[in-house]
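Okay, structure first, notes after.
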Amino acid sequence: MTVSSWGKRIKALLKPENILLFIIFLVGVVVRSYEFSSIPAGLNQDEAYAAYEAHSLLNYGVDSFGYAFPCYFISWGSGMNALESYLAIPFMAIFGSHVWAFRLPQLILSCVDIIVIYLLLKQLFSKRTAFVGFCLLAVCPWHIIMSRWGLESNLAPHFLLYGLYFMMRSRDNDNYLIPAAIMYGTTLYSYATTWITVPLTVALCGLYLLATGVKYRKSILAMAFGTLFVLALPLMLFVLVNNGIIPEIKTAMFSVPRLMASRAGEISFANIFSEEKLMYLKRIFVKQNDYAIWNSSEDYGLFYQFTTPLMFIGIVYSLGRGLWDVYKKRFSPYLVVIIAAACAFFTVLLLKSLNVNRTNVCHMYSQIFIILALDGVFAAFDLLKNKPWRQLFKTVATLAITSVYLLSFVSFTDYYFTEFPDKIAKEFLSGMPQAIERAKELSNEETIGVDLDIPFSLVLWYDKTPAPRFTETVVYNHYPSAFMNVNRYDGYKFSGYSKSNKYDDDTVHVFIWSKAKNFEVRGFTVEQYENIGVAWKE
């Protein structure tokens with residue numbers, strides 16, 4: 167490459183629009199990574215179990231039930247998605263078994279999303295639409311909150327986005343059908359709801375592409391379907407095992423476990439017409455809040471509260487544009503989004519109860535509808551080509567939209583880094599590692615009592631209990647069941663610490679700090695470690 171060609175490339179990269187994109191991307195990365203190791207403090211119970219499974223596989227080659235590299239974890243009894251743990255293993259191998267190392271895949275993929283949504287919208291619509299999407303996702307509250315902790319099911323939106331991007335790229339180059347198959351196949355391990363969403367999306371979007379004249383080589387189609395089949399095969403075996411059709415598979419290198427209980431009853435056509443469904447849908451898609459602060463903020467919502475009308479306008483606008491394109495017998499990017507979103511929403515309708523996590527297959531599409539609604543505003547100005555006031559109105563609209571989003575983003579960021587840390591630390595029981603360490607010092611290797619209200623997964627993670635030892639010594643309450651609580655395992659006994667319960671005077675106890683008085687009135691010495699207490703008798 168000549169010096170002049172390098173100069174042209176550098177000059178192109180330094181265009182004002184590219185510099186602006188870089189600055190916005192940098193803002194998106196910073197807000198997702200600032201104080202990443204300490205906010206949110208503590209751990210969610212599912213997050214802790216996924217982290218423990220990753221630690222166990224990395225160090226012992228088995229999970230908490232003694233299975234070697236399973237396609238799905240038994241964990242609580244009714245199973246847990248495995249992809250997050252497997253993605254975290256390389257980072258934990260390099261950096262150690264730290265919370266922030268476990269959360270890194272979610273952070274990295276969230277930053278990649280900002281780029282991919284730009285590429286997808288540019289592929290489907292225009293550079294202007296892509297720019298709007300790039301900006302909005304960079305400052306999106308739902309996406310920022312999600313990026314900073316490691317709930318395993320929250321990987322689904324990332325891989326659904328990547329799958330759709332590569333599928334749309336395959337319109338121009340059918341080789342992209344292979345990475346699309348890889349992305350959709352990987353999605354299946356992120357969240358069980360995608361076992362419905364992915365086949366529907368692949369089938370309906372694929373049929374639409376074929377119906378609009380997209381041509382694929384037979385060899386590429388065979389490779390793509392073969393890739394998807396191979397990736398889905400372990401989960402197909404998992405379904406067969408858990409329906410009693412074949413025995414479970416347990417080898418030294420790979421496992422397909424039988425769960426203690428099934429939650430298949432939570433997915434049903436009957437749920438579409440349940441009395442609670444409308445309440446759930448209104449809460450999440452209108453109010454943008456499920457009242458769980460680790461998912462959304464009541465004040466800011468998922469995409470900012472003011473965007474709810476925009477989302478519904480975007481749906482109507484996309485449907486109208488899509489039908490017009492059908493009438494004109496041409497490919498419609500709007501219809502692609504409608505089809506993909508409909509597949510996700512149909513999945514949600516089948517679920518028994520809903521929260522932000524359980525509806526996460528929809529959220530990226532909700533954001534895209536908001537993007538398309540705002541892009542429609544600019545498209546309307548483009549229709550007024552000969553009006554002298556067109557540019558003035560367009561500038562005013564741009565400044566108004568930018569100002570509202572900028573002020574909302576600044577306000578949300580202030581909330582997240584000032585008010586949110588204390589609130590989430592209480593919910594995620596920060597102080598557990600210090601409390602466990604102190605209890606072990608005081609116990610002289612005797613059994614430690616643990617509050618039943620502290621999820622046992624947190625104790626497993628912070629204690630780094632060897633998986634083989636846990637498997638050999640654990641005794642469960644309500645065994646077998648969908649959600650099994652641990653009664654005891656090597657070194658720990660879980661008990662209730664209400665006012666009326668009897669407390670063992672010879673045991674060191676770890677408890678939620680709000681119960682400190684229950685120990686003090688019984689003559690225990692207590693120490694506080696943030697939201698956790700340790701009690702013992704001298």
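Its first residue numbered 167, the sequence shown is counted upward by one per residue in this note's numbering. Where a beta carbon is used, it is the ideal one built from N, C-alpha and C, also for glycine. The structure presented is a predicted model; accordingly, all values stated were derived computationally and were not measured.
In whole angstroms, what is the alpha-carbon distance linking residue i and residue j?
{"i": "F583", "j": "P307", "result": "13 Å"}
{"i": "P423", "j": "T393", "result": "23 Å"}
{"i": "K494", "j": "V502", "result": "16 Å"}
{"i": "S336", "j": "F511", "result": "24 Å"}
{"i": "V196", "j": "F202", "result": "10 Å"}
{"i": "L476", "j": "H221", "result": "43 Å"}
{"i": "G467", "j": "I205", "result": "19 Å"}
{"i": "I260", "j": "L376", "result": "45 Å"}
{"i": "L550", "j": "A358", "result": "48 Å"}
{"i": "V488", "j": "K589", "result": "Before going further, note that residue 488 is Gly rather than Val in the sequence given. Taking the straight line from one Cα to the other gives about 44 Å."}
{"i": "A214", "j": "T525", "result": "21 Å"}
{"i": "Y331", "j": "A506", "result": "12 Å"}
{"i": "F297", "j": "K448", "result": "30 Å"}
{"i": "I185", "j": "L179", "result": "8 Å"}
{"i": "M402", "j": "I240", "result": "16 Å"}
{"i": "G431", "j": "L515", "result": "14 Å"}
{"i": "R556", "j": "F547", "result": "6 Å"}
{"i": "Y328", "j": "A346", "result": "7 Å"}
{"i": "D619", "j": "D671", "result": "20 Å"}
{"i": "G299", "j": "W361", "result": "27 Å"}
With the cut-off set at 9 Å, would you say residue i and residue j are in Cβ contact?
{"i": "G480", "j": "F535", "result": "yes"}
{"i": "T378", "j": "R294", "result": "no"}
{"i": "A254", "j": "G316", "result": "yes"}
{"i": "D279", "j": "L303", "result": "yes"}
{"i": "Q211", "j": "S623", "result": "yes"}
{"i": "T352", "j": "L399", "result": "no"}
{"i": "I190", "j": "C301", "result": "yes"}
{"i": "N697", "j": "G208", "result": "yes"}
{"i": "N643", "j": "S664", "result": "no"}
{"i": "V380", "j": "A633", "result": "no"}
{"i": "A217", "j": "N247", "result": "no"}
{"i": "T691", "j": "E612", "result": "no"}
{"i": "Y658", "j": "V700", "result": "no"}
{"i": "I281", "j": "Q533", "result": "no"}
{"i": "P236", "j": "F420", "result": "yes"}
{"i": "L520", "j": "I450", "result": "yes"}
{"i": "L223", "j": "S356", "result": "no"}
{"i": "F544", "j": "T564", "result": "yes"}
{"i": "Y645", "j": "F404", "result": "no"}
In or out: residue i buried (at least 16 other Cβ within 10 Å) or exposed?
{"i": "F660", "result": "buried"}
{"i": "M258", "result": "buried"}
{"i": "T631", "result": "buried"}
{"i": "Q694", "result": "exposed"}
{"i": "D617", "result": "buried"}
{"i": "T513", "result": "buried"}
{"i": "T417", "result": "exposed"}
{"i": "M445", "result": "exposed"}
{"i": "W490", "result": "exposed"}
Can you tell me the Cβ-Cβ gap for residue i and residue j, rounded? I've got them flagged as a contact below 8 Å.
{"i": "Y655", "j": "V640", "result": "4 Å"}
{"i": "L517", "j": "N437", "result": "6 Å"}
{"i": "V305", "j": "F586", "result": "Wrong, their Cβ atoms sit about 16 Å apart, outside the cutoff."}
{"i": "S251", "j": "N523", "result": "That pair is no contact at about 17 Å."}
{"i": "L286", "j": "M334", "result": "6 Å"}
{"i": "L485", "j": "I504", "result": "6 Å"}
{"i": "G245", "j": "L538", "result": "Between L538 and G245 the Cβ distance is about 36 Å, and since that is not below 8 Å, they are no contact."}
{"i": "S230", "j": "Q272", "result": "Not confirmed; about 21 Å, so no contact."}
{"i": "F472", "j": "V570", "result": "7 Å"}
{"i": "P499", "j": "L290", "result": "4 Å"}
Which of the three DSSP states is assigned to residue i in this structure?
{"i": "G245", "result": "coil"}
{"i": "T353", "result": "helix"}
{"i": "P236", "result": "strand"}
{"i": "G699", "result": "strand"}
{"i": "E201", "result": "coil"}
{"i": "V625", "result": "helix"}
{"i": "G431", "result": "helix"}
{"i": "E593", "result": "helix"}
{"i": "F300", "result": "helix"}
{"i": "I411", "result": "coil"}
{"i": "I481", "result": "helix"}
{"i": "Q272", "result": "helix"}
I want to see whether chain C comes within less than 9 Å of residue i, judged by CB atoms only; does it?
{"i": "Q272", "result": "The chain labelled as chain C is not found in the depicted structure, where only one protein chain is given."}
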